[in-house]
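In my numbering, the protein residues as written are 15 to 227.
Ideal Cβ placement from N, Cα and C applies to all residues, glycine included.
Since the structure comes first, as structure tokens, the remarks are kept for the end.
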Amino acid sequence: MDKNVEAAANLRLGVLKSRLENNGFNCIVLENAEEAKELIRNTIEDGSTVAMGGSQSVRELGIEEMLCSMNINFLDKNARSKSEEERNVLRRQAFMADYYLASCNALSMDGHLFNIDGRGNRVAAISFGPKKVYLFVGENKIVNNEEEAWTRIRNVAAIANNIRLNNDTPCRKAGVCVNCGSDVRICNQFSKIVKCFEKGRITVVLVKGSWGY
Ligand code: SF4
15 MDKNVEAAAN
25 LRLGVLKSRL
35 ENNGFNCIVL
45 ENAEEAKELI
55 RNTIEDGSTV
65 AMGGSQSVRE
75 LGIEEMLCSM
85 NINFLDKNAR
95 SKSEEERNVL
105 RRQAFMADYY
115 LASCNALSMD
125 GHLFNIDGRG
135 NRVAAISFGP
145 KKVYLFVGEN
155 KIVNNEEEAW
165 TRIRNVAAIA
175 NNIRLNNDTP
185 CRKAGVCVNC
195 GSDVRICNQF
205 SKIVKCFEKG
215 RITVVLVKGS
225 WGY
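Right, here's the structure in full:
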């Protein structure tokens, strides 16, 4: 990367970090996936109960795979062997977890967190329940303001997730959100977190580069 472009990107991350901290979030800036995995290895104590929101970012960083080999109680709702009923039990158990790992669909430069969820378990657990929440966010999810956040989520994140989940929603053909009435619509719960009520409960981990959708 050109060194001036890199300096501008670092400046932006620094400003965002300080605004997040002013809003009561912890914030850590990391260089790459290895540092993200090291953070989790060094943070999560043996025997902890850990849950994960459906997060492509956490998967791409290699953290989900690593959790499976750690000496923890991993509430792995994504395990292929699980029935939908068993997954729902794990989704509810996640509210009592020591750690909840997920991402954020968009992060605005004023230090606010934006998410859209289908079922609602992810936005609920980020807001309340698990003792500590770690959100891994790539630079691709940073936007300037709230309007850009919702636009990004509906026209980038939601469509990519519908493709991943093989949902037959109209945005997959239109290439943009048409605010559908589909039975498999994944844009049902809208969450904007402006401050971390219990200071430091949520840590935003900014990982340089592009991660997830
Ligand atoms: S068309 Fe429906 S599923 Fe697709 S992004 Fe819009 S509201 Fe979400």
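{"Query": "DSSP state of residue 188 mapped onto helix, strand, coil", "Result": "helix"}
{"Query": "Secondary structure of residue 93, DSSP reduced to three states", "Result": "coil"}
{"Query": "Collapsed DSSP secondary structure at residue 66 in the structure displayed", "Result": "strand"}
{"Query": "Cβ neighbours of residue 23 in the same chain (closer than 6 Å, five flanking residues each side left out)", "Result": "none"}
{"Query": "Secondary structure of residue 75, DSSP reduced to three states", "Result": "coil"}
{"Query": "Unbroken beta strand (DSSP E) run spanning residue 42, endpoints", "Result": "40-44"}
{"Query": "Bounding residues of the beta strand (DSSP E) (the contiguous stretch that carries residue 122)", "Result": "120-122"}
{"Query": "The region 21-38 touching the region 123-130, judged by at least three CB pairs closer than 8 Å", "Result": "yes"}
{"Query": "Between the CA atoms of residue 81 and residue 26 - distance to the nearest angstrom", "Result": "31 Å"}
{"Query": "Between the CA atoms of residue 209 and residue 203 - distance to the nearest angstrom", "Result": "18 Å"}
{"Query": "Anticipated Cβ contact below 8 Å, residue 86 with residue 67, distance rounded", "Result": "Wrong, their Cβ atoms sit about 16 Å apart, outside the cutoff."}
{"Query": "Segment contact, 8 Å Cβ cut-off, at least three pairs: the region 191-201 with the region 135-145", "Result": "no"}
{"Query": "Assigned secondary structure, residue 116 (DSSP; H/G/I helix, E/B strand, else coil)", "Result": "strand"}
{"Query": "According to DSSP, residues forming a beta bridge with residue 88", "Result": "64"}
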